[in-house]
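Under the working numbering, the first residue of the sequence shown is numbered 1340, with each subsequent residue one higher.
A virtual CB, placed ideally from N, CA and C, is assigned to each residue, including glycine.
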Amino acid sequence: MQESSPQLAPPRHWSPRSLAILVFTWFLLQIGGLFTPGLLDDVDSIYIEIAREMLHRHDYITPYINGVRFFDKPPLMYWMAAGSMHLFGEKDWAARLPLALCVLALLLSTYALGIRLFANISPAKNPDRGGFYAALALATAIGPYLYTRFYIPDILLALWMTLAVHLFLIALDRLHSKDQALEKEPQNRVPHLRDSPIVAKVGNRDSDPLSLPNQEILDTPSFASSTKNEIPTPSPLIPCLAFAAVMALNVLTKGLIGLVFPIAFVLLYLAITKQLRLLFKLHLIPSILVFLLIAAPWHILAALRTPAITMPTGIGLPATSGWAWFYLYNEHIARFLSTRIPHDYGLTPIWLFWLYLAIWVMPWTTFLPPAVAHHIRGLKQYATNRTKSRVPHLRDSLTVAKVGHRASDPLSFHNPETPAPPNIQAPDNATLPPNYEAALALLLWAAIVLGFFSISNRQEYYSLPAIPALALIAAGLLARADRLATGESSVYYEIHQAQKSALNWHLYLLFPLTTVIVFFCAWFAVTAPHPAPNTDLSTLLAANPSFYNLSLGHLFDLTGDAMGLFRGPLIAVALSMLGIGIGSYLLRRSGRTYAANLTLAAAMTCTLLAAHEGLSRFYPILGSKQLAQVINHAQQADPHADDLILLDGELTSGSTLIFYTGQQVHLLDGRVNGLWYGSFWPDCPKIFETESSLRQLWQSSRRVFLFTYNPTARAEDLAPYAPVHTLASAGGKTILTNH
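What follows is the structure in structure tokens.
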């Protein structure tokens, strides 16, 4: 791997054309999906309803859902949705808007980091190409898109991690520049030292800021004149403080894991590069103060406002506990150990977790195997060369054997068969070679996130914080291939290998996969029966409750008969797969790599839009907005002051009813999972009903709207007490009423 001085790196310009493409893609996928479908039952509507209740209570410290204290998550997501609804009204699209804006921030931060890491290997006329491909991959990959269809915090973790990595690298650069400036300053002050051959080595003047092209060191201006117009070295203080602020936002997004990932990255990066001594130069005290200033107030106030109270015995809880026990221990340590109380989540097997990861990065997963192998090979080669450079007789025997190899070429790891040029080892206080920095930072970033969740409790979407790193890794390969397409580099081997690898993996992985999907979608689009008008999708599905602990588990309910309702999206996906598979492959084979990657992204955008349309058609199974609107219409037509909405089951079975009706609901046998712990507090409303209290309510003069998945059994049970009327049904859910 060839080291290059930062001064020789290509300019790191942001391209208006690249930015326009990224913003347009983001607008189509994110803003276009704000308004449909409605909120989903479960976590999507629960997070947003908590934000709505914050607005009504004017309490932004203690989260409440349906009037019950909710201790599971930190508040940043609630604050974001509440702030947006305060500005634009209590609408579902307004609550979703902050998440869409955070996706744009993630794309731009990935773009900026990609320019830093890959400007030296991108085409000289397009030094932003690596960052552009990374952001484009992130915008059009399956996982980041799917997990911004509902309001969960994991995509924010990806944003904070991307910013933290970039800020740390900037701080390290500035620290190195400051140290180098301090080391070189005495050389300017003492003429006999400045002129010494120890300082001014022949052939190594590029790294000495005192030397000028075609000019002897003796002609270098004096210290007095050189410092007259000297530009001050930027301080690492600002990026260090920004790193601390980002880490605090990370903690306010999803808890203590916001500390684990950034700190682990910093410590391991410094340890691997043998720079741990620099840790104490990273302005730790002011950074800690900034972190505490942002993160500590909410934690302190939350603990004070929900102190420990006496808990029931015999259910696994300590004798006394409050917010601190549940949030700090139960939600973090116990969840990591899979001993959380109550155990209301599934555990994704490791093999499935990694399989999902490959799916979430598609179609850009295609380019990950050769890109990862390239980075690993480069890290090994750099370590070997550093070892050799420390041994004089080995270092002196190294020669540049390949004709035309330019030592100044900043491209990545060279042909393994070609010996490295001499003296590639950087001084201990020097910035690392850019390609070594990219390989180490990205692989370490991905390994920390994926390794952590491989040994702890995990859901299928917990890998999202690693996806920007994987997108950047794939983008590096594609940027190198672009450089060969322009025919501008003399280092042919590595770039030719990048283009060859991208082409082969496209041919042998992406092309067959997309071909199978084309036939699958086309088959069902042609053979699926045409459902009758107003057919309820739930009547065409096969229930598979064993999969419902997965966030996308309801997709396993689809049958051949149900595919008739998705004919349009299926056709769109089939056509898009032709562009992803054969279309972009033919462009790549002809050497038009930029056009190939744009075609891949454009076709994937169409695929994701088709998936969004499919989600909208599947919505009656996942959400209950339509049923909430039916209740609203009934209440407007015949107002009753004491109407009661009652869910048959736990809150997540129909949590959208609370948001769309704006009313508190009662739960039948629903004192479980998310509301269970908060129900022990004295201010918990009397919302938990039993079979006995349901029958009493049903025969009372009070109008009851009963939301149930079992209308037949409920009607038989309640008929002896009062008439049972079916108000509406959708998605396998029914509203029964006694009036």
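Practice problem: Mind checking which residues open and close the beta strand (DSSP E) that includes S2068? | Solution: Start at 1 with the first residue of the sequence shown, and residue 2068 comes out as number 729. Note, S2068: beta strand (DSSP E), H2064 to A2069.
Quiz item: Residues in its own chain within less than 6 Å of R1644 by CB, not counting five upstream and five downstream?
Solution: Working through the sequence shown from its first residue, we reach residue 1644 at position 305. Excluding sequence positions up to five before and after R1644, its CB lies within less than 6 Å of the CB of I1400 and T1401, all in the same chain and listed in chain order.
Quiz item: Which class does H1282 belong to by DSSP, given the choice of helix, strand or coil?
Solution: The structure shown does not extend to residue 1282, since the chain spans only 1340 to 2078, so no value can be given for it.
Quiz item: Below 7 Å between beta carbons: does that hold for I1812 and A1864?
Solution: Residue 1812 sits at position 473 when you count from the first residue of the sequence shown. Residue 1864 sits at position 525 when you count from the first residue of the sequence shown. No, the Cβ-Cβ distance between I1812 and A1864 is not below 7 Å.
Exercise. Check whether the stretch 1507 to 1516 touches the stretch 1462 to 1479, counting contact only when three or more Cβ pairs, one atom from each stretch, lie closer than 8 Å.
Key: These segments do not touch.
Quiz item: Around the C-beta of V1590, are 16 or more other C-beta atoms found within 10 angstroms, so that it is buried, or is it exposed?
Solution: Start at 1 with the first residue of the sequence shown, and residue 1590 comes out as number 251. It is buried - the Cβ of V1590 has at least 16 other Cβ atoms within 10 Å.
Exercise. Leaving out five residues on either side along the sequence, give the residues of the same chain with a beta carbon under 8 Å from the beta carbon of R2053.
Key: Counted from its first residue, the sequence shown places residue 2053 at position 714. Cβ within range, chain order: D1987, L2045, T2047, V2063 and L2075.
Quiz item: What alpha helix (DSSP H) runs, 4 residues minimum, are completely inside the stretch 1838 to 1898?
Solution: Counting only runs of 4 or more, we get 1850 to 1866.
Exercise. Express the C-alpha separation of R1725 and M1416 in angstroms, rounding to a whole number.
Key: Locating residue 1416 in the sequence shown gives position 77, counting from the first residue. Locating residue 1725 in the sequence shown gives position 386, counting from the first residue. Those two C-alpha atoms are separated by around 46 Å.
Quiz prompt | Whole-number beta carbon distance between W1703 and A1480, since they are thought to touch under 8 Å | solution = For the purposes of this step, residue 1480 is taken as residue 141 along the sequence shown, with counting starting at 1. For the purposes of this step, residue 1703 is taken as residue 364 along the sequence shown, with counting starting at 1. Right, the Cβ-Cβ distance comes to about 6 Å (below 8 Å), so this counts as a contact.
Exercise. Answer with buried or exposed for E2030, where buried requires no fewer than 16 other C-beta atoms within 10 angstroms of its C-beta.
Key: Along the sequence shown, read from residue 1 onward, the residue named residue 2030 stands at position 691. E2030 counts as exposed, since fewer than 16 other beta carbons sit within 10 angstroms of its beta carbon.
Quiz item: Of all the options Y2016, P1804 and L1947, which has the alpha carbon lying nearest to the alpha carbon of K1593?
Solution: Mapped onto the sequence shown, residue 1593 falls at position 254. It is P1804.
Quiz item: L2070: which of T1705, D1411 and L1966 sits nearest, CA to CA?
Solution: Position 731 of the sequence shown holds residue 2070. Checking the sequence, you will find Gly at residue 2070 rather than Leu. Checking every option, the nearest Cα to that of G2070 belongs to L1966.
Quiz prompt | Alpha carbon of V1362 to alpha carbon of A1474, nearest angstrom | solution = Mapped onto the sequence shown, residue 1362 falls at position 23. Mapped onto the sequence shown, residue 1474 falls at position 135. V1362 and A1474 have their C-alpha atoms roughly 10 Å apart.
Exercise. Entirely within the stretch 1452 to 1531 and at least 3 residues each: give me those beta strand (DSSP E) ranges in chain order.
Key: Within the stretch 1452 to 1531, complete beta strand (DSSP E) segments of at least 3 residues are not found at all.
Quiz item: Between F1410, L1718, V1504 and P1959, which lies nearest to G2017 when the distance is taken from Cα to Cα?
Solution: In the sequence shown, counting from the first residue as 1, residue 2017 sits at position 678. The shortest Cα separation from G2017 among F1410, L1718, V1504 and P1959 belongs to F1410.
Quiz item: How would you label N1843, buried or exposed, when you count the other beta carbons within 10 angstroms and need 16 or more for buried?
Solution: Translated into the one-based positions of the sequence shown, residue 1843 becomes position 504. By the 10 Å Cβ count, N1843 comes out exposed.
Self-check item: Own chain residues within Cβ distance below 6 Å of A1940, not counting five before or after
Solution: For the purposes of this step, residue 1940 is taken as the residue at position 601 of the sequence shown. Counting only Cβ-Cβ distances below 6 Å, and skipping sequence neighbours, we find L1475 and T1479.
Exercise. Excluding the 5 residues preceding and the 5 following V1382 in the sequence, name in chain order all residues of the same chain whose CB lies nearer than 8 Å to its CB.
Key: The residue labelled residue 1382 in the question sits at position 43 within the sequence shown. F1489, Y1490, I1491 and T1991.
Quiz prompt | Endpoints, the alpha helix (DSSP H) within which K1964 is located | solution = By 1-based counting over the sequence shown, the position of residue 1964 is 625. DSSP places K1964 inside the alpha helix (DSSP H), whose first and last residues are K1964 to A1976.
Exercise. Specify, as a first and last residue, the run of the alpha helix (DSSP H) that L1783 falls within.
Key: Within the sequence shown, numbered from 1, the residue matching residue 1783 stands at position 444. Run containing L1783: P1773 to S1793, per the alpha helix (DSSP H) assignment.
Practice problem: In the DSSP assignment, find the alpha helix (DSSP H) that holds D1987 and state where it starts and stops. | Solution: For the purposes of this step, residue 1987 is identified with residue 648 of the sequence shown, where counting begins at 1. DSSP places D1987 in no alpha helix (DSSP H) but in the uninterrupted beta strand (DSSP E) bounded by L1983 to D1987.
Quiz item: Is A1409 helix, strand or coil by DSSP?
Solution: Reading the sequence shown from its first residue, position 70 is the one you call residue 1409. The question names Ala, but residue 1409 is Phe in the sequence shown. Three-state result, F1409: coil.
Quiz prompt | Local Cβ density within 10 Å of Y1958, reported as buried at 16 or more and exposed below that | solution = Position 619 of the sequence shown, counting from 1, holds the residue named residue 1958. The residue in question, Y1958, is buried, as its Cβ has 16 or more Cβ neighbours within 10 Å.
Self-check item: Distance CB(H2078)-CB(R2042) smaller than 7 Å
Solution: As a first step, residue 2078 must be located in the sequence shown, where it is residue number 739. As a first step, residue 2042 must be located in the sequence shown, where it is residue number 703. Yes. Within cutoff.
Practice problem: Name the residue from V1788, A1867 and L1656 whose alpha carbon lies nearest to the alpha carbon of L1696. | Solution: Mapped onto the sequence shown, residue 1696 falls at position 357. Out of V1788, A1867 and L1656, the CA that lies nearest to the CA of L1696 is found in V1788.
Quiz prompt | Nonlocal neighbours in the same chain, by C-beta distance under 6 Å from I1689, ignoring five residues either side | solution = Walking along the sequence shown from the start, residue 1689 turns up at place 350. Taken in chain order, the residues that qualify are S1793.
Quiz prompt | Which of helix, strand or coil DSSP assigns to V1605 | solution = Within the sequence shown, residue 1605 is the residue found at index 266, counting from 1. It is helical.
Practice problem: Would you tell me roughly how many angstroms separate the C-alpha atoms of A1420 and Q1975, rounded to the nearest one? | Solution: Start at 1 with the first residue of the sequence shown, and residue 1420 comes out as number 81. Start at 1 with the first residue of the sequence shown, and residue 1975 comes out as number 636. The alpha-carbon atoms of A1420 and Q1975 are separated by roughly 28 Å.
Quiz prompt | Host beta strand (DSSP E) of T2076 (start-end) | solution = Locating residue 2076 in the sequence shown gives position 737, where the first residue counts as 1. Looking at the DSSP string, the run of the beta strand (DSSP E) that includes T2076 is K2072 to T2076.
Quiz item: Ends of the beta strand (DSSP E) at L1996?
Solution: On the sequence shown, residue 1996 is found 657 positions in, with the first residue counted as 1. Counting along the chain, L1996 falls outside any beta strand (DSSP E), though it belongs to the alpha helix (DSSP H) covering T1995 to T2000.
Self-check item: Reference A1867, options G2001, F1998, Q1836 and L1904, closest by Cα
Solution: The sequence position of residue 1867 within the sequence shown is 528, counting from 1. If we check each option's Cα against that of A1867, L1904 comes out closest.
Quiz item: How about D1374 and W1418: do their beta carbons lie closer than 7 Å?
Solution: The residue you call residue 1374 lines up with position 35 of the sequence shown. The residue you call residue 1418 lines up with position 79 of the sequence shown. First, the amino acid is wrong: residue 1374 is Phe here, not Asp. No; because the gap between Cβ atoms is not below 7 Å, this pair is not in contact.
Practice problem: Please work out which residues of its chain come closer than 7 Å, Cβ to Cβ, to L1656, disregarding the five sequence neighbours upstream and downstream, and give them in chain order. | Solution: Within the sequence shown, numbered from 1, the residue matching residue 1656 stands at position 317. The beta carbon of L1656 sits closer than 7 Å to the beta carbons of M1650 and I1680 from its chain, once the five residues preceding and following it are set aside; these are given in chain order.
Quiz item: Expressed to the nearest angstrom, what Euclidean distance is found between the alpha-carbon atoms of L1783 and P2050?
Solution: Along the sequence shown, one-based indexing puts residue 1783 at 444. Along the sequence shown, one-based indexing puts residue 2050 at 711. L1783 and P2050 have their alpha carbons spaced roughly 53 Å apart.
Quiz item: Does the Cβ-Cβ distance between S1963 and L1996 come in under 7 Å?
Solution: Taking the first residue of the sequence shown as position 1, residue 1963 is located at position 624. Taking the first residue of the sequence shown as position 1, residue 1996 is located at position 657. In contact: S1963 and L1996 (Cβ atoms closer than 7 Å).
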